[in-house]
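Engineer: Below you'll find the structure I mean.
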Amino acid sequence: MNFRVIEHPLVAHKLTLLRDQLTPTVLFRDLVEELVMLLAYESTKDIEVVPKKIQTPICETEGVSLGEPQPVVVPIIRAGLGMLSGMLKLLPSAEVGFLGMKRDEQTLDNVTYANRLPKSLEGRRCFILDPMLATGGTIAAAARYLTDKGAKNITSIALLSAPEGVEFLRKSISSKINLTVISASLDDRLNELGYIVPGLGDAGDRLYGSVD
Ligand code: URA
Numbered sequence: 001m002n003f004r005v006i007e008h009p010l011v012a013h014k015l016t017l018l019r020d021q022l023t024p025t026v027l028f029r030d031l032v033e034e035l036v037m038l039l040a041y042e043s044t045k046d047i048e049v050v051p052k053k054i055q056t057p058i059c060e061t062e063g064v065s066l067g068e069p070q071p072v073v074v075p076i077i078r079a080g081l082g083m084l085s086g087m088l089k090l091l092p093s094a095e096v097g098f099l100g101m102k103r104d105e106q107t108l109d110n111v112t113y114a115n116r117l118p119k120s121l122e123g124r125r126c127f128i129l130d131p132m133l134a135t136g137g138t139i140a141a142a143a144r145y146l147t148d149k150g151a152k153n154i155t156s157i158a159l160l161s162a163p164e165g166v167e168f169l170r171k172s173i174s175s176k177i178n179l180t181v182i183s184a185s186l187d188d189r190l191n192e193l194g195y196i197v198p199g200l201g202d203a204g205d206r207l208y209g210s211v212d
């Protein structure tokens, strides 16, 4: 498992606005979209391209286009949905799958309660969208699930990460799973309620309002 924090003044600036409890929902959503675009730019540095001949108004030249099969973007319901528009602005030809993960209260394992994925993930590049890497349980379960379905290379994009979650992924993700996590920040810790500190609160609530 590789973990990388993107250090960039624009990322830090937008993240500060995002964390601010006075930032209203409408601005919060825009900031998430903008941050995801910046993180997606870094996350796709090594994406496969194939040569492509084109004709400019001046001459023939060779450029590149994204290789087939197209990458798959998988937002984790609910908060990951807020990251989808930013990702698709950068990768409009990607296919989109959806995963809903929750904790089984008996076994404490993360289980998939909803999935809608492309028919085949065989050999495909996948991008998981989940804004908060807190305990790491969701990302670990999602990465295992996608790998079992054939995904060959998985990048998980996070806004904030807790050291506890990163450590959990380092210990629990087997070498058979090709996972990289790209995050806008590595925060201080998790609190006793499982929130990232200093964090930004509940990402789903800040994107969509609270649900009882
Ligand atoms: N999920 C959130 O939305 N916020 C946290 O701080 C941790 C997990």
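Start counting the sequence shown at 1; every next residue gets the next number (my numbering).
Backbone N, C-alpha and C fix where the C-beta goes; we use that ideal spot for every residue, glycine too.
From the DSSP output, in three-state form, read off LEU38 for me.
Structural biologist: By 1-based counting over the sequence shown, the position of residue 38 is 38. Reduced to three states, the DSSP call for LEU38 is helix.
Engineer: Shorter than 7 Å, the distance from the beta carbon of ASP202 to the closest heavy atom of the ligand URA, or not?
Structural biologist: Taking the first residue of the sequence shown as position 1, residue 202 is located at position 202. Yes; taking the cut-off as 7 Å, the Cβ of ASP202 has a heavy atom of the ligand URA nearer than that.
Engineer: The ligand ADP heavy atoms versus the CB of ILE154: any closer than 7 Å?
Structural biologist: Among the ligands present in this structure, namely the ligand URA, the ligand ADP is not found.
Engineer: Provide the residue(s) that pair with THR180 in DSSP beta bridges, ordered along the chain.
Structural biologist: In the sequence shown, the residue the question calls residue 180 occupies position 180. DSSP output for THR180 lists ASN2, THR155 as bridge partner(s).
Engineer: Just to confirm the assignment, what range does the alpha helix (DSSP H) spanning ARG19 have?
Structural biologist: In the sequence shown, counting from the first residue as 1, residue 19 sits at position 19. Its alpha helix (DSSP H) spans residues 9 to 19.
Engineer: DSSP has PHE98 in a bridge; who is on the other side?
Structural biologist: What you label residue 98 is simply residue 98 of the sequence shown in a count that begins at 1. Note: PHE98 sits in a beta bridge opposite ARG116.
Engineer: Note down the Cα distance separating LEU38 from GLU192, rounded to an integer number of angstroms.
Structural biologist: For the purposes of this step, residue 38 is identified with residue 38 of the sequence shown, where counting begins at 1. For the purposes of this step, residue 192 is identified with residue 192 of the sequence shown, where counting begins at 1. Between LEU38 and GLU192, the C-alpha separation is close to 31 Å.
Engineer: Take GLY199 as the anchor and find which of HIS13, SER175, LEU117, LEU18 has the nearest alpha-carbon.
Structural biologist: Within the sequence shown, residue 199 is the residue found at index 199, counting from 1. Closest by alpha carbon: LEU18.
Engineer: The beta strand (DSSP E) spanning LEU169 covers which residue range?
Structural biologist: Here residue 169 corresponds to residue number 169 of the sequence shown, with the count starting at 1. Not the beta strand (DSSP E): LEU169 falls in the alpha helix (DSSP H), residues 163 to 172.
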